[in-house]
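Comments concern the structure below.
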Amino acid sequence: MPDENCREKILSEKYVDLIIPDYLRKQEINLPENLVCFQELGFGYHAIHIDQDLIGEVRFDKVEYNGVPNCYALLDTGAMNETGISALQNYPTLQLQGEGIMIGFIDTGIDYTNPVFREVTGTRIAAIWDQTIQDGIAPEGFDYGSEYTREQINEALQQVDPESIVPSKDTNGHGTYVASLAAGGANRENQFQGAAPKAMIGAVKLKEAKAFLRDFYAIKENAVCYQDTDIMQGLLYLNELADKWNMPLVICIALGTNFGGHNGEGNLSRILENYAKLENRCVVTGSGNEASQRHHFFGMLNTEETKEIEIRVEEGEGRGFAAEIWTS
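Under the working numbering, the first residue of the sequence shown is numbered 392, with each subsequent residue one higher.
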């Protein structure tokens with residue numbers, strides 16, 4: 392059963408979410424139990440949810456760099472169509488359709504009513520974990536959100552009002568687009584077919600990042616962003632879902648960030664690398680969508696040299712902006 396005390400802390404804006412290595416979790420943390428809770432994130436990491444009054448403003452002089460969750464935005468979908476999928480699907484000795492595998496998506500959700508996710512026997516969606524809905528049943532071993540199984544989705548598809556059974560919706564559309572491209576079935580009317588039209592699907596709808604992180608990174612209030620603690624929980628869920636179905640799992644993440652060293656040493660990068668090393672697990676991430684946006688600068692300096700760099704800030708950035716300097 393979910394820990395209701397922990398669920399409140401995971402969702403509450405009064406609690407700060409930080410990332411700690413397991414060795415710190417195993418040490419005695421002298422904090423009242425009613426002011427803190429922990430979630431396993433996998434591969435040596437835990438999330439700690441702690442009353443902000445205990446630590447005050449989150450700053451790097453209080454919390455190490457990797458202790459503050461990063462924020463991820465949705466990647467642009469414009470370049471996704473140039474994939475050359477049909478050549479692989481129709482190659483005589485391959486005939487790759489995704490049969491017998493699961494593709495897991497961590498995104499804005501999925502429109503389970505879309506016909507491209509159905510087959511003759513019903514939906515190809517094994518389950519949806521909607522982190523934004525709190526009045527359903529959370530997945531086993533998790534403390535928040537609501538899980539909707541294949542049986543529930545099939546029942547919903549028989550109703551006049553499917554949302555009365557499965558209320559999860561993709562109001563953004565990004566997650567449905569990515570899932571359609573990767574695992575959508577044939578739609579002859581629109582001459583469309585996804586890369587793996589016979590694959591089973593697991594979907595995680597992420598809840599949006601908390602206000603303390605938006606403030607920390609000076610993110611606009613209307614910008615869509617997700618914190619990596621929820622992404623890591625989604626990875627854990629999809630891995631367990633694939634185990635239940637006894638299927639290989641391809642993890643698909645179409646999210647990105649301009650923060651971090653881009654050197655594979657961030658928390659999420661390390662966890663994804665560990666999943667990629669597991670048998671019957673594969674990780675696919677998007678990259679390069681902002682290559683032409685001039686969001687990065689690279690330079691070489693010796694110890695006695697200075698260099699001026701122009702930073703163009705969009706008009707109306709009253710909250711300020713965040714930038715990072717990485718050296719080697």
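Ideal Cβ positions, reconstructed from N, Cα and C, are used throughout, including at glycine. Remember, predicted model here, so these are calculated numbers, not experimental data.
Do you know whose CA, among the options, lies nearest residue i's CA?
i    : options                   : result
F496 : A586, D606, A570 and N396 : A570
N613 : I622, Q584 and E599       : E599
Y414 : L402, E542 and A438       : A438
L692 : E542, W717 and H686       : W717
A667 : R685, P639, D606 and E510 : P639
G707 : R685, N637, K611 and Y617 : K611
D467 : V641, T697 and G566       : G566
G576 : T514, A594, Q618 and Q550 : T514
V615 : S403, G433, D498 and I441 : D498
N637 : G491, R605, E701 and F603 : G491
I505 : F603, P530, Y568 and A529 : The residue you asked about is not Ile; residue 505 is Asn in the sequence shown. Ranking F603, P530, Y568 and A529 by Cα distance to N505 puts Y568 first.
S660 : N671, D634, E554 and D619 : D619
P530 : R605, V595 and F689       : V595
Quick one, are the C-beta atoms of residue i and residue j less than 7 angstroms apart?
i    : j    : result
G655 : D561 : no
W520 : Y628 : yes
D621 : Q488 : no
I494 : A590 : yes
A464 : A609 : no
C462 : C428 : no
P393 : D534 : yes
H440 : K405 : no
G593 : L632 : yes
Count the other C-beta atoms from every protein chain shown that fall within 10 angstroms of the C-beta of residue i, then say buried if there are 16 or more, exposed otherwise.
i    : result
N658 : buried
V704 : exposed
Q624 : buried
I662 : buried
L669 : exposed
T512 : exposed
I544 : buried
P423 : exposed
G711 : exposed
F451 : exposed
L485 : Model confidence at L485 stands at a pLDDT of 48, short of 50, so the residue's coordinates are unreliable; what they give is reported in the following sentence. Its Cβ having fewer than 16 others within 10 Å, L485 is exposed.
S477 : At S477, the pLDDT of 49 sits below 50, so the modelled position is not reliable; the number obtained from the coordinates is stated separately. With fewer than 16 other Cβ atoms within 10 Å, it is exposed.
Y482 : Unreliable placement is indicated for Y482, whose pLDDT of 46 sits below 50; the coordinate value is still reported in the next sentence. Y482 should be labelled exposed.
H686 : exposed
A470 : Its pLDDT being 48, under 50, A470 is placed unreliably in this model, and the coordinates cannot settle the point.
Provide the residue(s) that pair with residue i in DSSP beta bridges, ordered along the chain.
i    : result
S537 : D521
D509 : The sequence shown places Arg at residue 509, rather than the Asp named in the question. DSSP, once it has assigned bridges, lists T514 as partnering R509.
C397 : Partner(s): none; C397 has no beta bridge.
Y463 : Y617
Is any heavy atom of the ligand MN found at a distance shorter than 6 angstroms from the C-beta of residue i?
i    : result
E554 : In terms of ligand content, the structure shown is empty, and the ligand MN therefore cannot be addressed.
> Should the stretch 628 to 648 be called in touch with the stretch 664 to 679, which here means at least 3 C-beta pairs below 8 angstroms?
Replying inline: yes
>> Three Cβ pairs or more, each shorter than 8 angstroms: is that satisfied between the stretch 395 to 410 and the stretch 458 to 467?
In response: yes
> Taking three-plus beta-carbon pairs below 8 angstroms as touching, is the stretch 599 to 608 in contact with the stretch 527 to 538?
Replying inline: no
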